[in-house]
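Enquirer: Residue numbers (my numbering), protein chains in the order written: chain A, 9 to 307; chain B, 9 to 307. For glycine and all other residues, C-beta sits at the position ideal for the given N, C-alpha and C.
Protein chains: 2
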Amino acid sequence: MDLKALETFVWVAHLGGFRTAADRLNATQPAISARIAQLEEDLGVRLFDRETRRVTLTEKGLNLLGYAERMLALRAEMLQAVGEKGAVRGTIRLGVAESIVHTWLSRLVERLHYLYPAVSLEIEVDSSTVMREELLSHQLDLAFLVGPIAEPQLKSVPLCSYDLAWVASPTLPLPPEPVPLKDLARWPIITFSRNTQPFGAIQDMFVGSDMPAVRMFGNSSLATVVRMTLDGIGVSAIPSLVIARELADGRLKIFQAERPLPRLDFVAAYAKKPDSYIAATIATLAVEVAGTPTAGLLL
Amino acid sequence: MDLKALETFVWVAHLGGFRTAADRLNATQPAISARIAQLEEDLGVRLFDRETRRVTLTEKGLNLLGYAERMLALRAEMLQAVGEKGAVRGTIRLGVAESIVHTWLSRLVERLHYLYPAVSLEIEVDSSTVMREELLSHQLDLAFLVGPIAEPQLKSVPLCSYDLAWVASPTLPLPPEPVPLKDLARWPIITFSRNTQPFGAIQDMFVGSDMPAVRMFGNSSLATVVRMTLDGIGVSAIPSLVIARELADGRLKIFQAERPLPRLDFVAAYAKKPDSYIAATIATLAVEVAGTPTAGLLL
DNA sequence: AGAGGTTACGGGCAGCGTAAGGATC
DNA sequence: GATCCTTACGCTGCCCGTAACCTCT
């Protein structure tokens, strides 16, 4: 009955399957099978009901889950308290909103690697909506995304707040005064993909029978949004910080519109429960790093 | 960084040496060396200062000790809560006063083996004084001895209270009325060895200038005391319960003396700290078993 | 010399991955 | 047939015990 078995058990319980747990733990599925079988034999108790499409905890298993999580948490705490930094080991699956990638993510990674050389990251860039789901299903350990976080299973700390600006290439004939929505709608509006907060907010601006049809170009790649805006394909709504360089050398300019854009409040979020000690540490680190101003997007 | 390493660490810390820990854990000394070395490497921290005659905890080591003990306690609790009885595994070093051996110990062992088949015992019969020391130095996990226990590091629960009786062979010319101490001193008094409570109590009876010299035959083996008493070598002071059979068939008889003998209050005692879960369980079991009346000494 | 920890080395076993085998939809 | 867990099997690597070595009293 060693800790690896307990860790495996916790992941199987959370993910609801041996296969997914195997992926998560970088092992093969039979290995997970064997570990659980061993644990069940050691305890003399069946921990999972193997149903056709998923496994579910038995009563005993549910009972064990609490102990196992406390145990893993205690181990993590111990490592942080007693071990040197290099003793903190593991792989963290980190989800990041692209705006963060273009501002301070690399500085965080650098700093993390310096402080905790034995911690590795698996970084996934996705929309906040998707990442929120993935946090809940334990596919991600930690995510930097647009808040606020309503889910009670998740813990979140504020990271940074970026203003969203109307941006266009200077080649577009835009007046110095705030542009009415009707005029704005002459151009496609390029921004984050559908199912994101800014996309929705802009779409809402144009709801109403007297409103013109607006062409929205949702794009999952912020770099592409910038590229398209530089090329004069349309106007865009993106955080001004990620285009600091383009604004400085005049390749892009900010303009005002009839309706201002909402701010983007980024938070670090992670599941409250398991061995989230490392995740919490990285979140703290991210708060520090995100507080420091940064240079803009490097294209 | 597995639990075996932590357990080893805890024992080395408590016993103050690799060699003694090796004995305690049924392993060789190099194995202990290796486990500690591995643990130190994992944590990147030196845990023990190797001094010439003993090892002592470093500051980090002391820090770790708390975590390690909590961890082991949590594991033990988990096993009891979740596992079936057979999952409770381990070897307990049990110290027992001989009176207990002759009354209910075998019933306890039987019952323990029935309830927890994977728990094995190393039983040591010794005097309460010695066992108290051994509890404090963690050489014993649990002991059934004459209380009360004053040491705050030890936890104790009352087990049973036996009256000590003046006993002699019927061949000895003893009057039916209480025997004055002066007359009693004609015979050697056979009882538990020196450094026991009854021995001291009897010795104290004969303190005083007007008191006769008394010959006391301290004996570490209760069975021998009984044998010698049967053979009419002297009178003895032993728990009446252990000679129930001899009393019943008339080979021994109880007589009254000028001074009554103190009772013997037995308790189960164990160290409060480490993974004393099994010890506590056995103590509870012992309370049950000791409550049931028993047949006497089998010679 | 003896007690106690470390280093060297060989063997046994646990745990892993690959691959094949059910079961269920 | 697809999905998911289990079983079979060979291999690797870890951990242990034996034995020799080192150090301090």
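Isoleucine 100(A): which of Phe152(A), Gly94(A), Ser128(A) and Ile246(A) sits nearest, CA to CA?
Expert: If we check each option's Cα against that of isoleucine 100(A), Ser128(A) comes out closest.
Enquirer: Given that glutamate 92(A) touches chain B, what residues does it touch there, using C-beta distances under 8 Å?
Expert: The contacting residues are Leu51, Gly52 and Val53.
Enquirer: Can you tell me the Cβ-Cβ gap for glutamate 92(B) and valine 53(A), rounded? I've got them flagged as a contact below 8 Å.
Expert: That belief holds up - the Cβ atoms of glutamate 92(B) and valine 53(A) are roughly 6 Å apart, short of 8 Å.
Enquirer: Would valine 154(B) pass as a contact of serine 136(B) if the rule is Cβ separation under 8 Å?
Expert: Result yes, Cβ atoms of valine 154(B) and serine 136(B) sit closer than 8 Å.
Enquirer: Name the chain B residues whose beta carbon is nearer than 8 Å to that of alanine 81(A)?
Expert: Near alanine 81(A) there are no residues of chain B at all, since even the closest Cβ is about 10 Å away, more than 8 Å.
Enquirer: Would DSSP call threonine 232(B) helix, strand or coil?
Expert: Helix, per DSSP.
Enquirer: By Cβ distance, which residues of its chain are closer than 7 Å to glutamate 15(A), with the 5 residues on each side in sequence left out?
Expert: Closer than 7 Å at Cβ, skipping near neighbours: Leu80.
Enquirer: Within 10 Å of its beta-carbon, does proline 206(A) have 16 or more other beta-carbons around it, so buried, or fewer, so exposed?
Expert: Under this definition proline 206(A) is a buried residue.
Enquirer: Would you mind stating whether valine 175(B) and isoleucine 262(B) have Cβ atoms separated by less than 8 Å?
Expert: Their beta carbons are under 8 Å apart, which means valine 175(B) touches isoleucine 262(B) by this criterion.
Enquirer: Quick test of the definition: if touching needs 3 or more C-beta pairs under 8 Å, does the segment 94-112 of chain B touch the segment 141-159 of chain B?
Expert: Contact holds: three or more Cβ-Cβ distances are below 8 Å.
Enquirer: For the segment 64-81 of chain B, list every residue whose C-beta sits within 8 Å of some C-beta in chain A, in sequence order.
Expert: Listed in sequence order: Lys68, Asn71, Leu72, Tyr75, Ala76, Arg78 and Met79.
Enquirer: Distance cutoff 8 Å, beta carbons only. Does aspartate 171(B) sit that close to anything in chain A?
Expert: Not one chain A Cβ lies under 8 Å of aspartate 171(B).
Enquirer: Hey, does alanine 89(A) have any beta-carbon neighbour from chain B nearer than 8 Å?
Expert: Yes, contact with chain B.
Enquirer: What did DSSP end up calling threonine 237(A) once you bin it into helix, strand or coil?
Expert: Helix at threonine 237(A).
Enquirer: Give, in chain order, every residue of the segment 11-34 of chain B whose Cβ lies closer than 8 Å to some Cβ of chain A.
Expert: The segment 11-34 of chain B vs chain A, Cβ under 8 Å: Leu11 and Lys12.
Enquirer: What residues are listed by DSSP as bridge partners for valine 63(B)?
Expert: Valine 63(B) is bridged to Arg58(B).
Enquirer: So valine 90(B) and lysine 68(A) are in contact, right, with Cβ under 8 Å, and what is the actual spacing, rounded?
Expert: Confirmed, about 6 Å.
Enquirer: Can you give the beta carbon distance from alanine 45(A) to alanine 39(A), rounded, assuming they're within the 8 Å contact cut?
Expert: With a Cβ gap of about 11 Å, alanine 45(A) and alanine 39(A) do not count as contacting.
Enquirer: What residue does the alpha helix (DSSP H) around alanine 158(B) start on, and which one ends it?
Expert: Here alanine 158(B) belongs to no alpha helix (DSSP H), and DSSP marks it neither H nor E.
Enquirer: For phenylalanine 200(B), collect the residues of the same chain with a Cβ closer than 6 Å to its Cβ; drop the 5 residues on either side in sequence, then sort them by chain order.
Expert: Cβ within range, chain order: Pro206 and Phe207.
Enquirer: Please list, in chain order, the chain A residues whose beta carbon lies closer than 9 Å to that of alanine 95(B).
Expert: Near alanine 95(B) (Cβ distances below 9 Å), the residues of chain A are Met9, Asp50, Leu51, Gly52 and Val53.
Enquirer: Buried or exposed, going by whether 16 or more other CB atoms sit within 10 Å of the CB of isoleucine 131(A)?
Expert: Exposed, because fewer than 16 other Cβ atoms sit within 10 Å of the Cβ of isoleucine 131(A).
Enquirer: Taking 8 Å as the CB-CB cut-off, is methionine 224(B) touching chain A?
Expert: Cβ-Cβ to chain A under 8 Å: no for methionine 224(B).
Enquirer: What alpha helix (DSSP H) runs, 4 residues minimum, are completely inside the segment 42-117 of chain A?
Expert: List check, alpha helix (DSSP H) in window: 67-90 and 106-109.
Enquirer: Please name the residue, chosen from Ala231(A), Asp50(A), Glu185(A) and Gln211(A), that lies closest to threonine 111(A) on a Cα-to-Cα basis.
Expert: Out of Ala231(A), Asp50(A), Glu185(A) and Gln211(A), Ala231(A) has the C-alpha closest to the C-alpha of threonine 111(A).
Enquirer: If distances are taken between C-alpha atoms only, which option among Leu189(B), Gly24(B), Ser228(B) and Ala21(B) comes closest to aspartate 212(B)?
Expert: Answer by Cα proximity: Leu189(B).
Enquirer: Alpha carbon to alpha carbon, how far is aspartate 191(B) from valine 222(B)?
Expert: Approximately 10 Å between the Cα atoms of the pair.
Enquirer: At a Cβ threshold of 8 Å, is methionine 86(A) touching chain B?
Expert: Methionine 86(A) counts as touching chain B.
Enquirer: In the DSSP output, what is valine 243(B) paired with across the bridge?
Expert: Its beta-bridge partners are Ile197(B).
Enquirer: Measuring alpha carbon to alpha carbon, tell me which of Asp239(B), Tyr278(B) and Asn203(B) ends up nearest serine 228(B).
Expert: That would be Asn203(B), whose Cα lies nearest to the Cα of serine 228(B).
Enquirer: What does DSSP give as the partner residue(s) for alanine 265(B) in the beta ladder?
Expert: Answer by DSSP bridge pairing, in chain order: Val187(B).
Enquirer: Do you know whose CA, among Ser107(B), His121(B) and Ala126(B), lies nearest aspartate 134(B)'s CA?
Expert: Ranking the options by Cα distance to aspartate 134(B), first place goes to Ser107(B).
Enquirer: So, is leucine 70(A) buried or exposed, given that buried needs 16 or more other C-beta atoms within 10 angstroms?
Expert: Exposed, since its Cβ has fewer than 16 Cβ neighbours within 10 Å.
Enquirer: Out of curiosity, what's the CA-to-CA distance linking tyrosine 122(A) and leucine 293(A)?
Expert: Roughly 12 Å between the two C-alpha positions.
Enquirer: Helix or strand or just coil, what does DSSP make of tyrosine 122(A)?
Expert: In the structure shown, tyrosine 122(A) sits in a helix (DSSP, three-state: H, G or I).
Enquirer: For the alpha helix (DSSP H) that aspartate 31(B) lies in, which residues bound it at each end?
Expert: Segment 26-32, the alpha helix (DSSP H) holding aspartate 31(B).
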